[in-house]
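Participant: One structure, pasted below without further comment.
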Amino acid sequence: MPLHKKTESSAQPPVEVNPVYVQEAEEVVPRHAIPVHGMLPDTALQVVKDELILDGNARLNLATFVTTWMEPQAQQLMTECLDKNMIDKDEYPQTAEIESRCVSILADLWHAQEGAGATGCSTTGSSEACMLGGMALLWRWRERRRAAGGATGQPNLVMGANVQVCWDKFCRYWQVEPRLVPMAPGRLHLTGPQAAARCDENTIGVVAVMGSTMDGSYEPV
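Quick look at the structure:
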């Protein structure tokens with residue numbers, strides 16, 4: 001997530017879009033402070049909706065990792081679960097059970113061996129999932145290296161140049177060397193031989209992309 005600094009409100013007008021309503025408006029809506037007086041719920045809704053007009057159309061967003069449409073039944077489920085705190089497993093045991101089954105479903109999708117003890121958890125987004133996965137790779141590599149009496153100071157991660165930008169952030173945050181495989185005409189994803197050629201005893205893992213940013217192609221996992 002980007003970091004934001006506090007902005008002084010005196011140098012800017014109140015809200016981005018100044019709405020006009022039939023009902024009487026007694027005061028402007030401040031941009032960087034909580035207003036002294038409240039407003040009608042419908043008014044607050046319309047103020048925010050008017051500002052969001054300036055956003056792009058999500059359905060036309062083909063440049064980032066997003067889902068721009070879901071069936072109404074999926075939207076209904078999300079709406080009905082908005083008030084649940086998923087971390088409270090005792091209060092919401094069936095939600096926790098469904099989460100656990102999702103881990104098993106994904107383990108089966110990736111052909112995890114029976115009895116291998118595949119482990120996973122839900123996240124709020126793909127970047128968080130990548131960070132947690134990368135940390136798991138790093139710590140397991142450290143354990144293997146220490147058990148073998150090897151050094152743990154120069155970890156590296158092999159991936160194609162088409163990976164999500166959060167992998168670059170992971171490498172910077174955790175001091176891991178990114179070994180990027182460049183793309184080439186007619187090949188816009190990572191291949192097995194290219195990945196294997198860049199692996200050594202310090203490689204913590206290989207990042208595979210199921211749907212390349214460039215052309216949507218799947219890497220041969």
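Position 151, counted from 1, in the sequence shown is what the working numbering calls 151; the numbers after and before it change by one each time, with no gaps.
By construction, the Cβ of each residue, glycine as well, lies at the ideal position given by its N, Cα and C atoms.
Could you check the C-alpha separation between K84 and W110 for me, to the nearest Å?
Facilitator: Counting from 1 along the sequence shown, the entry for residue 84 is found at position 84. Counting from 1 along the sequence shown, the entry for residue 110 is found at position 110. Spanning the two alpha carbons is a distance of roughly 29 Å.
Participant: Helix, strand or coil: how does DSSP classify I204 here?
Facilitator: For the purposes of this step, residue 204 is identified with residue 204 of the sequence shown, where counting begins at 1. I204 falls in the strand class under three-state DSSP.
Participant: Could you check the C-alpha separation between V36 and N202 for me, to the nearest Å?
Facilitator: Sequence index remark: in the sequence shown, residue 36 carries index 36 (1-based). Sequence index remark: in the sequence shown, residue 202 carries index 202 (1-based). Each residue's alpha carbon lies about 58 Å from the other.
Participant: Since T138 and I87 are thought to touch, with beta carbons under 8 Å apart, how far apart are those beta carbons, to the nearest angstrom?
Facilitator: Taking the sequence shown and counting its residues from 1, the one referred to as residue 138 is at position 138. Taking the sequence shown and counting its residues from 1, the one referred to as residue 87 is at position 87. The amino acid occupying residue 138 in the given sequence is Leu; Thr does not appear at that position. The Cβ separation is near 24 Å, so there is no contact.
Participant: Which residues in the same chain have their Cβ closer than 7 Å to the Cβ of T123, if we skip the five residues on either side of it in sequence?
Facilitator: As a position in the sequence shown, residue 123 is number 123, starting the count at 1. So the qualifying residues of the chain are A129, L132.
Participant: Could you give the distance in angstroms between the alpha-carbon of T191 and the alpha-carbon of E177?
Facilitator: By 1-based counting over the sequence shown, the position of residue 191 is 191. By 1-based counting over the sequence shown, the position of residue 177 is 177. C-alpha separation (whole angstroms): 20 Å.
Participant: For the putative contact between N156 and R179, defined by C-beta atoms under 8 Å, what is the C-beta separation to the nearest angstrom?
Facilitator: Counting from 1 along the sequence shown, the entry for residue 156 is found at position 156. Counting from 1 along the sequence shown, the entry for residue 179 is found at position 179. About 5 Å; that satisfies the 8 Å criterion.
Participant: Pick from C166, G149, Y173: whose alpha carbon is nearest that of V209?
Facilitator: In the sequence shown, the residue the question calls residue 209 occupies position 209. The shortest Cα separation from V209 among C166, G149, Y173 belongs to C166.
Participant: Rounded to whole angstroms, what is the Cα-Cα separation between D90 and S100?
Facilitator: Taking the first residue of the sequence shown as 1, we reach residue 90 at position 90. Taking the first residue of the sequence shown as 1, we reach residue 100 at position 100. Near 14 Å, if we compare the C-alpha coordinates of S100 and D90.
Participant: Using three-state DSSP, classify G120 as helix, strand or coil.
Facilitator: As a working note, residue 120 is residue 120 in the sequence shown. Correct three-state label for G120: coil.
Participant: Could you pull out every unbroken alpha helix (DSSP H) segment of at least 4 residues lying fully inside the segment 25–59, listed in chain order?
Facilitator: Entirely contained in the segment 25–59, the alpha helix (DSSP H) runs reaching 4 residues are, in chain order, 41–52.
Participant: Taking the beta strand (DSSP E) that V163 falls in, what are its first and last residues?
Facilitator: Locating residue 163 in the sequence shown gives position 163, where the first residue counts as 1. V163 -> no beta strand (DSSP E), and no H or E assigned at all.
Participant: Beta-carbon within less than 7 Å of Y218's beta-carbon, same chain only, minus the 5 sequence neighbours each way: which residues are those?
Facilitator: To locate residue 218, count along the sequence shown from 1; it is residue 218. Excluding sequence neighbours, Y218 sits near M210, G211.
Participant: Quick one: what's got a C-beta closer than 6 Å to P182's C-beta in the same chain, skipping five residues either side?
Facilitator: Along the sequence shown, read from residue 1 onward, the residue named residue 182 stands at position 182. The answer, listed in chain order, is A161.
Participant: What is the rounded straight-line gap between the Cα of A44 and the Cα of L82?
Facilitator: Counted from its first residue, the sequence shown places residue 44 at position 44. Counted from its first residue, the sequence shown places residue 82 at position 82. Between A44 and L82, the C-alpha separation is close to 20 Å.
Participant: Using a Cβ-Cβ cut-off of 8 Å (strictly less than) and excluding sequence neighbours within five positions of K49, which residues of its own chain qualify?
Facilitator: Translated into positions along the sequence shown, residue 49 becomes position 49. Nothing listed; no residue qualifies.
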